[in-house]
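Notes follow the structure.
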Amino acid sequence: MKLKTHFAAAASALALLASAAMAKDTVTYATQLEPPHLDPTGGAAQAIDTVVYLNIFEGLTRFTPDGAVVPLLAKSWEISEDGLTYTFTLQEGVTFHDGTTMDAEDVKFSLDRARAEDSTNAQKVLFSAISDVSVADPQTVVVTLSEPNGSFLFNLAWGDAVIVAEESAETLKTAPVGTGPYRFNEWVQGDRVELVRNPNYWGDVPELTGATIKFISDPTAAFAAMMAEDIDAFDNFPAPENMIQFEADPRFQVIIGSTEGETILSTNNAQAPFDNVKVREALAHAIDRQAIIDGAMFGYGTPIGTHFAPHNPAYVDLTGQSNYDPDKARALLAEAGLADGFTTTLHLPPPAYARRGGEIVAAQLAQVGITAEIINVEWAQWLETVFKGKNFGLTIVSHTEPMDIGIYGRPDYYFQYDNPEFQDVMTRLNATTDPDQRTALLQDAQRMIADDYVNGYLFQLAKLGVAKAGLQGVWANAPAAAIEIGALSWAE
Amino acid sequence: MLHYLAKRLLSLALSLTIASMVIFAVIEVAPGDPASFMLGTGAQEETVAALRSELGLDQSKVSRYLDWVGGMLTGDFGTSYTYRTPVAKMVGERLWVSLPLAIYALTLSTLIALPAGIYAASRRGKAGDMAVMGATQLGVAVPNFWFAMLLVLVFAINLRWFSAGGFVGWDKGLWAGLHALTLPAVALALPQAAILARVMRSALLEVLGEDFMRSARAKGLSQKQAIRRHGLRNALIPVLTIIGLQFSFLLAGAIIIEQVFYLPGLGRLVFQAISARDLIVVESVVMLLVFAVILVNFLVDMAYAVVDPRLRRAA
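Sequence order for the protein chains is A and B.
Plus 55 on top of the position in the first sequence (first one is 1) and you've got this note's numbering.
Plus 1146 on top of the position in the second sequence (first one is 1) and you've got this note's numbering.
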């Protein structure tokens, strides 16, 4: 009898141990690129946001997984009639990870630092409308704009606009201190960043106690790490060809969503013969989008007919206007006096969408008589020759910033589209805060660039998420680069 | 001996100076600006200019070269543009992966290759020799990254004995560290072992044909004794050369294996730094690798002198 109770006790103890081991409360996430440093206010690399946004750092507003902008460190705000004064009321009881209080002074410091003369903020333009930031009381900040800016609250949700403290601002790159639900623990460079739960978090304390974010750049290694279950999830899996294998494996769930990346055949509008709209229109009809999506992305991606994300409510489907019609393309080229075709360059940066997509695009262009000479470049080279030097004919690139149609209003931007009418629409858009009017203007803008065939619009880049079956709360879409650890939990 | 040493040291210094110039020139010529790369496509001109001056990129090339070389002479390898940490610290951390991996792989390959080569040479033309030579032929032909993927498939994905990559860190214990490096070390070692075994075999065969080996047998030593006392020592020179070359290769050339196993080693550091145009990191790491290779060659030269007394006297 006694022996039996011992046995039962031992068995139940074992069961307890087993269940304790089962209830996983951490996550090992992987992403392809390692951030150069961990300060989102001092670098353009999306990899920085992927690791720190909403985990370590928070802004006055934030993006939700479906792309909406909601309050975060700012509890609420009031906008003056003329749209020039924003009065933010801050959350109470917010502290930085080093124990100091987050108040209106920190907000003023952060915004002033980002827009300062010597600022190295990669998105300084987000703050260009600000003319003054003043502290009314510790919980209230008043931001004055020099002109109305309809996207100001949206701008504040960016990772580049997070709130930092003066005390720690200098060392954020290696020792990030924010207000978020997770604290920075360790960075083993080349391998991983470790985060631990912030017990003093001002909001709802998240479920997972910690997270490891590993950096695996090689697609084959990424596949092996997933299959060997070294990692629980991969943020945006680099090899679309492997997704079908994950889908077939009951250990994994595949979460396909959309990114903010408009993948375009960017065209040098200032260079002959692309300065002729007929030639650009011919390009548009020479391209078979679905063939590129199928061939380069294994079917993942949504065709686009303008520079706008299809998941945005203001999106207009204009793909029909640039349908695949090689005969029409040849006719248009003939009209432009280029019946025999011409030769141009096609610069391809490293991502698979460009290198694989580029081969297909070149083949399709050859069908209508255009010889596109492929030049493979690294990103640094692309920035130097294409982006800064504007020394290119065609290039394929995914523009991943959210709501970036405004780049078409900058005549010196690398594809050099100069249309005063479009620039006027952008000026009016900036000055409009009424949502319906904004939507109408955004739709006008989409139609204008489609009518002018500024660039070849290919597809919206998909987000290929893969995770272990029990992981919940994974962002399907990527309105911003982020792995929100606070939203994750394991199914019982 | 002293004269020999001095001559070697002089050539070492000269090689390093020339290498530093070539490295600096080649890397500076490559298009791409680190500041633009860091700030991306959304940055304004003035922001890029602010960062360039913060990084010292607005100074002339000559003064940057002199700064760099002068810094290295005093042990300062500069600060990484992108990571904003001292290059020496970054290299130090990466060396804790790359150096043990190289030593692990070289130990494995030597432990496999020398006995295999000696065995094959002593069984010349027989079945054992054929088997070893066949295996090494295969070993030389198989690319190490492909072999690495095969190892991952079998031992990480199917058997789950090892993780598919990554490095836990030595602070998790010696065993955990070695465990993490085992698959990469094997992947690196086997192709190297195949080469080394072939060199060992042919070097020993050559020696076995020498007059002094016949004399050794004539004075009553068995084949085994003769090989051990007279043969091996004389066959070691080409083997040492290859080991030296292989060590340099393993230290600097494990980039692909580091990529396959996503190890935070030196090779990957250089790879990342090149794509980010982190010039100072590339320059300093490449310079260090050149130094390591030259140093290994120097040590091999010294080892020749130890193995072969004639070299000491001739010099």
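Cβ atoms here follow ideal geometry from the backbone N, Cα and C, with glycine treated the same way.
Note to self: Here's a check: name, in chain order, each residue in its chain whose Cβ is nearer than 6 Å to the Cβ of Ala486 (chain A), leaving out the five neighbours to either side.
What the structure shows: Pro203
Using the Cα positions of Asp506 (chain A) and Met458 (chain A), report the straight-line distance between them to the nearest angstrom. 19 Å
Chain B residues whose Cβ lies nearer than 7 Å to that of Phe182 (chain A):
By Cβ distance, chain B contributes nothing, its closest Cβ being about 11 Å from Phe182 (chain A), past 7 Å.
Exercise for review: Classify Ala76 (chain A) as helix, strand or coil using the three-state DSSP reduction.
Suggested key: For Ala76 (chain A), the predicted model reports a pLDDT of 47, less than 50, meaning its position is unreliable and no value from the coordinates is stated.
Checklist entry - What is the residue span of the alpha helix (DSSP H) that Glu160 (chain A) lies within? => result 159-170
- Task: Could you tell me whether the stretch 282-294 of chain A touches the stretch 80-87 of chain A, using the rule of 3 or more Cβ pairs below 8 Å?
- Result: yes
**OP:** Within the same chain, show all residues whose beta-carbon is closer than 6 Å to that of Val248 (chain A), passing over the 5 residues directly before and after it, in chain order.
**Re:** Val106, Trp242, Ile268
Reference Gly424 (chain A); option with closest CA among A:Glu433, A:Gly396, A:Ala407, A:Pro406
A:Gly396
**Study point:** Under 9 Å from the C-beta of Glu428 (chain A): neighbouring residues of chain B
**Key:** Result: empty, since nearest Cβ-Cβ is about 18 Å, beyond 9 Å.
Note to self: Considering only the alpha carbon of each residue, which of A:Pro236, A:Gln244, A:Val196 lies closest to Pro254 (chain A)?
What the structure shows: A:Pro236
### Query
Whose C-alpha, out of A:Met298, A:Ile111, A:Glu539, A:Leu449, is nearest the C-alpha of Asp330 (chain A)?
A:Leu449
Listed in chain order, which residues of the stretch 1296-1320 of chain B have Cβ atoms closer than 8 Å to some Cβ of chain A? Val1298, Leu1299, Ala1302, Ile1303, Arg1306, Ser1309, Ala1310, Gly1311, Gly1312, Phe1313, Gly1315
>> What does the Cβ neighbour count give for Leu516 (chain A), buried or exposed, with the cut at 16 atoms within 10 Å?
In response: buried
In chain order, which alpha helix (DSSP H) runs of at least 4 residues are fully inside the stretch 1173-1225 of chain B?
-> 1180-1185, 1191-1201, 1207-1219
(message) Taking only three categories from DSSP, how would you classify His402 (chain A)?
(response) strand
inquiry  = I want to know whether the stretch 318-330 of chain A touches the stretch 488-504 of chain A - three or more CB-CB distances under 8 Å.
reply    = no
Exercise for review: Could you tell me whether the Cβ atoms of Ala279 (chain A) and Ala1310 (chain B) are closer together than 8 Å?
Suggested key: yes
**Item:** Straight-line gap, Met1448 (chain B) to Leu438 (chain A) (C-alpha atoms, nearest Å)
**Value:** 48 Å
Inter-residue spacing [alpha-carbon to alpha-carbon] between Trp1307 (chain B) and Val1298 (chain B):
10 Å
**Q.** Alpha-carbon to alpha-carbon, Asn510 (chain A) and Ala394 (chain A)
**A.** 21 Å
Contact set between the stretch 1378-1408 of chain B and chain A, restricted to residues whose Cβ is under 8 Å from the partner:
Gln1405, Val1406, Phe1407, Tyr1408
In the DSSP output, which residue or residues are listed as bridge partners for Pro358 (chain A)?
A:Phe514
Requested in this report: Taking 8 Å as the threshold, find out whether the stretch 1283-1294 of chain B comes into contact with the stretch 1388-1397 of chain B through three or more Cβ pairs.
Outcome: no
Quick check: the stretch 1450-1457 of chain B against the stretch 1341-1359 of chain B, are at least 3 beta-carbon pairs closer than 8 Å? no
Measure the beta-carbon distance from Ala159 (chain A) to Thr195 (chain A) and round it to whole angstroms, keeping in mind my assumption that it falls under 8 Å.
-> 6 Å
Next on the checklist: Tell me the rounded alpha-carbon separation between Pro293 (chain A) and Lys179 (chain A).
Outcome noted: 30 Å
Report the residue from B:Ala1196, B:Gly1312, B:Thr1163 whose alpha carbon sits nearest the alpha carbon of Ile1403 (chain B).
B:Gly1312
_Going by beta-carbon coordinates alone, are Thr156 (chain A) and Arg1230 (chain B) separated by less than 8 Å?_
no
- chain B contact residues for Trp434 (chain A), given Cβ-Cβ distances below 7 Å: Phe1183, Ser1421
With distances taken between CB atoms, is the gap from Gln261 (chain A) to Met352 (chain A) smaller than 8 Å?
The displayed chain sequence assigns Pro, not Gln, to residue 261 (chain A). Against a cut-off of 8 Å, the Cβ pair of Met352 (chain A) and Pro261 (chain A) comes out as no contact.
- Does the stretch 1197-1211 of chain B come close enough to the stretch 1376-1390 of chain B that 3 or more CB-CB pairs lie under 8 Å? no
What do you get for Lys518 (chain A), buried or exposed, if any count of 16 or more other CB atoms within 10 angstroms of its CB means buried?
-> buried
Same chain, Cβ closer than 7 Å to Val125 (chain A), five either side skipped, listed in chain order: Thr116, Arg117, Thr119
* **Met1276 (chain B), buried or exposed, once every other Cβ within 10 Å from all chains shown has been counted against 16** => exposed
How about Gln1205 (chain B): is its C-beta nearer than 8 Å to some C-beta of chain A?
no
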